[in-house]
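Student: Could you have a look at this structure, given as structure tokens, before my questions?
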Amino acid sequence: DTAVSQTPKYLVTQMGNDKSIKCEQNLGHDTMYWYKQDSKKFLKIMFSYNNKELIINETVPNRFSPKSPDKAHLNLHINSLELGDSAVYFCASSITLQAGGPGEQFFGPGTRLTVL
Amino acid sequence: SQELEQSPQSLIVQEGKNLTINCTSSKTLYGLYWYKQKYGEGLIFLMMLQKGGEEKSHEKITAKLDEKKQQSSLHITASQPSHAGIYLCGADTPGYALNFGKGTSLLVTP
Chain A
-4 DTAVSQTPKY LVTQMGNDKS IKCEQNLGHD TMYWYKQDSK KFLKIMFSYN
46 NKELIINETV PNRFSPKSPD KAHLNLHINS LELGDSAVYF CASSITLQAG
96 GPGEQFFGPG TRLTVL
Chain B
-3 SQELEQSPQS LIVQEGKNLT INCTSSKTLY GLYWYKQKYG EGLIFLMMLQ
47 KGGEEKSHEK ITAKLDEKKQ QSSLHITASQ PSHAGIYLCG ADTPGYALNF
97 GKGTSLLVTP
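First to last, the sequence lines map onto chains A and B.
Each residue of the first sequence is one higher than the one before, counting from -4 in the working numbering.
Each residue of the second sequence is one higher than the one before, counting from -3 in the working numbering.
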């Protein structure tokens, strides 16, 4: 069974469009994340989210918004897509350790977004 | 903000050779994670280190965290083609997410 799944795997779209990437985890975790991996393979956190708190990386444009219908899902919505948004987007999940820190994070397979 | 520097950026080794990847932090590490990413796929968790001087091994991969908790190394013994991929070190941040280094790309040749 897939632990963290993302759809779609590939997304090709025009500049200016609005798109969403879906993420689901069946691990019972209470914290989920979105990361962006650029063309140089550099992986950067965009958001972390649990039931109580959304933490946003301040460098993320407000065109990006996470939406969580329930604990098992954290979707990424992107408005007015730009060329620079082309990247691979990874969803991840983990438990929230009492002592802080995410413990092991489980990653989805990634969504390759190409903006033309 | 914390920065993680990984070295080398890329590595090509012959099958059967040993290799080491280093990860150096600009600040004290409270949790250091090693992940492997196969080309075109997601990340696979390898190991987590939290205590100074800690060392963990899994199969032919050993990770260590130095006493000062600012540097970690990942050592692969007798490398195999299945070890090829991108190795990423990550550190805890206050927002529960991981701050990653830029990765080390490993290629193992026959």
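Note that beta-carbon positions come from the ideal geometry of N, C-alpha and C, so glycine has one too.
Treat the numbers as computed from the prediction; the structure is a model and nothing was measured.
Run the CB neighbour count on Val104 (chain B), radius 10 Å, all protein chains shown included, and call it buried at 16 or more, exposed below.
Tutor: Buried is the call here.
Student: Nearest to Ser6 (chain B) by CA position, among B:Asn95, B:Pro106, B:Leu84, B:Phe96, is which residue?
Tutor: It is B:Leu84 whose Cα lies nearest to the Cα of Ser6 (chain B).
Student: So which of B:Asn18, B:Leu28, B:Glu11, B:Lys60 has the shortest CA-CA distance to Asn95 (chain B)?
Tutor: That would be B:Leu28, whose Cα lies nearest to the Cα of Asn95 (chain B).
Student: Within 8 Å of any Cβ in chain A, is that where the Cβ of Leu0 (chain B) sits?
Tutor: No, because no Cβ of chain A sits closer than 8 Å to the Cβ of Leu0 (chain B).
Student: Taking just the CA atoms, how far does Gly98 (chain A) sit from His24 (chain A)?
Tutor: So the alpha carbons of these two residues sit roughly 11 Å apart.
Student: Can you tell me the Cα-Cα spacing of His72 (chain A) and Leu70 (chain B), whole angstroms?
Tutor: Taking the straight line joining both Cα atoms gives about 36 Å.
Student: Find the nearest neighbour of Lys112 (chain B) within the set B:Lys13, B:Met44, B:Ile40, B:Gln33, judged by alpha-carbon distance.
Tutor: What the structure shows of chain B is the stretch from -3 to 106, and residue 112 (chain B) is not part of that stretch, so it cannot be assessed.
Student: Quickly, what does DSSP pair Ser68 (chain B) with across the bridge? List them, please.
Tutor: In the DSSP output, where bridge partners are listed per residue, Ser68 (chain B) has B:Cys19, B:Leu61.
Student: Determine, using beta carbons only, whether Gly81 (chain B) and Lys13 (chain B) come nearer to each other than 8 Å.
Tutor: No.
Student: Apart from the five residues on each side of it in sequence, which residues of its chain come closer than 7 Å, Cβ to Cβ, to Leu78 (chain A)?
Tutor: Result list for Leu78 (chain A): Met10, Val110, in chain order.
Student: Specify the secondary structure class of Gly11 (chain A) as computed by DSSP and reduced to three states.
Tutor: Looking at Gly11 (chain A) - three-state DSSP - the assignment turns out to be coil, as it is neither helix nor strand.
Student: If you scan the segment 61 to 87 of chain A from start to end, which runs of the beta strand (DSSP E) of 3 or more residues do you find wholly inside it?
Tutor: As far as the segment 61 to 87 of chain A is concerned, its whole beta strand (DSSP E) runs of at least 3 residues are 68 to 73.
Student: Once you ignore the five residues that flank Arg107 (chain A) on each side, which residues in its own chain have a CB closer than 6 Å to its CB?
Tutor: Result list for Arg107 (chain A): Tyr5, Val83, in chain order.
Student: List, in chain order, every chain B residue whose beta-carbon is nearer than 7 Å to that of Glu99 (chain A).
Tutor: Ordered by position in chain B, the residues that pass the 7 Å Cβ test against Glu99 (chain A) are Phe41, Met44.
Student: Per DSSP, Arg107 (chain A) is paired with what?
Tutor: Note: Arg107 (chain A) sits in a beta bridge opposite A:Tyr5, A:Val83.
Student: Distance, Cα to Cα, Ser15 (chain A) vs Asp80 (chain A)?
Tutor: So the alpha carbons of these two residues sit roughly 13 Å apart.
Student: Where does His79 (chain B) fall in DSSP's three states?
Tutor: DSSP places His79 (chain B) in helix when its eight states are reduced to three.
Student: For the beta strand (DSSP E) containing Asn45 (chain A), name the first residue and the last one.
Tutor: Note, Asn45 (chain A): beta strand (DSSP E), 38 to 45.
Student: Less than 8 Å between CB atoms is the rule here; does Asn95 (chain B) satisfy it with respect to chain A?
Tutor: Chain A contact via Cβ: present.
Student: Return the first residue and the last residue of the beta strand (DSSP E) that Val9 (chain B) is part of.
Tutor: Looking at the DSSP string, the run of the beta strand (DSSP E) that includes Val9 (chain B) is 6 to 10.
Student: What do you reckon, are the CB atoms on Leu49 (chain A) and Pro64 (chain A) nearer than 8 Å?
Tutor: Not a contact, by the Cβ cut-off of 8 Å.
Student: Taking only three categories from DSSP, how would you classify Leu22 (chain A)?
Tutor: Note: Leu22 (chain A) maps to coil in three-state DSSP.
Student: If I measure Cβ to Cβ from His54 (chain B) and keep anything under 8 Å in the same chain, skipping five residues before and after, which residues do I get?
Tutor: Taken in chain order, the residues that qualify are Leu42, Met43.
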